[in-house]
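So that you can map any letter, position 29 of the sequence shown is 15 in my numbering, and since no number is skipped, the others follow by simple counting. Taking it in order: structure first as structure tokens, then the write-up.
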Amino acid sequence: MANVNKAIKISQKHLLGIQDLSISDVNFILSEAKQFIDLNKSKNKKLDVLRGKTQINLFFEPSTRTQSSFELAGKRLGADVMSMNLNNSAIKKGETLIDTAMTLNAMHPDIIVVRHQDSGASNLLSQKVNCAVLNAGDGRREHPTQALLDALTIIDRKEKIEGLKIAICGDIVHSRVARSNIYLLNMLGAEVNIIGPSNLMPKDIEKLGVKSFSDMKKGLKDCDIVMMLRLQNERMTSSFLSSNREYYEYYGLTPDKLDFAKDDALIMHPGPMNRGIEIDTNLADDINKSVIKEQVELGVAVRMACLKIFCE
Ligand code: ASP
-13 MANVNKAIKI SQKHLLGIQD LSISDVNFIL SEAKQFIDLN KSKNKKLDVL RGKTQINLFF
47 EPSTRTQSSF ELAGKRLGAD VMSMNLNNSA IKKGETLIDT AMTLNAMHPD IIVVRHQDSG
107 ASNLLSQKVN CAVLNAGDGR REHPTQALLD ALTIIDRKEK IEGLKIAICG DIVHSRVARS
167 NIYLLNMLGA EVNIIGPSNL MPKDIEKLGV KSFSDMKKGL KDCDIVMMLR LQNERMTSSF
227 LSSNREYYEY YGLTPDKLDF AKDDALIMHP GPMNRGIEID TNLADDINKS VIKEQVELGV
287 AVRMACLKIF CE
């Protein structure tokens, strides 16, 4: 839903997916986020931009990085933050997403951050509550703040996204990270290669404006960025892989496969990583090539920007 008051700065009331954002929305979020990078490295990290505001983190799926990142981001901006892990709560007693939303809505939060296993859950929630909703990952649909933090990390290292060749590799079909990144990287002018085994590749992926490859070496050729994805075992209803060893052999990022990318190619992974399955453990930790820790660091800045923009 468009928001008239925020029309000059951002076209949306909620952050539900990259697909809803315009390029100027994206540039606005990224420029706000840049301002928080240095603050997060300084001794005094506390601002009072969101003083008096209430932020509820509603996590129906487990999360380490995203939940702690949103929690820190809210606290650094001075909001009152409450985090609820609904794996262990009333949901187990049969309360639905909507019941939970209505209960929390009655407590007048200013912003709800939601992660849910069903695609579209954040859109549904946004129709039922009065406050802004930020999607922290819904099923296999979108994970907009992950794509925004990935873009900020790339810009921080490569100074641009336009014209870069970026490979997204692995379990594409189950990945909301892949989808949000495809939308965002295309919008920002990158050339996107999608690499994975045919049974983990959506049939009509090329309609999203990307090239698809089943051979990792061909897909990685001359890439500037190699973005690895986790095998989403929790979303696999049947056996997709013959063995982890075979997957590593063909699709794990190893030095010999990385050789096909550019010499200064950067390695990314949204975490959590399956070391030795999607990625060689030494490559994941190689400070000259891997920016995985920087992704986590800049994630806080991006979430601060999103909270500030959508809560105001
Ligand atoms: N943390 C990311 C997500 O929530 C990636 C992953 O779990 O593999 O989608």
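Beta carbons: idealized from backbone N, C-alpha and C, even for Gly.
For residue i and residue j, what's the separation of their Cα atoms in angstroms?
i	j	result
R126	D190	15 Å
F199	N179	7 Å
E192	N167	14 Å
Q41	M68	6 Å
N91	C117	8 Å
P241	G38	50 Å
E145	E232	37 Å
A59	I98	13 Å
Excluding five sequence neighbours on each side, which residues of the same chain lie with their C-beta closer than 7 Å to the C-beta of residue i?
i	result
Y234	G262, I263
A291	I15, E18, A19, F22
Does the distance from the C-beta atom of residue i to that of residue j stay below 7 Å?
i	j	result
L170	I4	yes
S287	F14	For clarity, residue 287 is Ala in the given sequence; the question names Ser instead. No, they are not a contact pair.
D208	K294	no
Q218	D157	yes
F56	N43	yes
V33	L63	The question names Val, yet the displayed sequence has Leu at residue 33. Yes, Cβ-Cβ distance for L33 and L63 is below 7 Å.
Can you list, in chain order, the residues of its chain whose CB lies under 8 Å from that of residue i, leaving out five sequence neighbours each side?
i	result
V277	T139, R143, L252, I253, M254
G175	I147, E148, G149
T50	G257, P258
A247	A153, L206, K207, D208, C209, D210, V212
Y237	C155, G156, I181, G182, P183, M202, E264
Got a sec: does the ligand ASP put a non-hydrogen atom nearer than 6 Å to the Cβ of residue i?
i	result
V358	Outside the modelled stretch of the chain, which goes from -13 to 298, sits residue 358, for which no answer is possible.
L129	The question names Leu, but residue 129 is His in the sequence shown. H129: yes, Cβ under 6 Å from the ligand ASP.
R162	yes
P256	yes
G123	yes
Can you list, in chain order, the residues of its chain with a C-beta nearer than 6 Å to that of residue i? Leave out the 5 residues immediately preceding and following it.
i	result
E47	R101, Q103
E283	none
D85	none
F45	Q53, N71, R101
Quick check: is any heavy atom of the ligand NAD less than 6 Å from the C-beta of residue i?
i	result
R216	By its list of ligands, the structure shown excludes the ligand NAD, since it contains just the ligand ASP.
Please check if any C-beta of chain C sits within less than 7 Å of the C-beta of residue i.
i	result
N109	Included in the structure is just one protein chain, with no chain C present.
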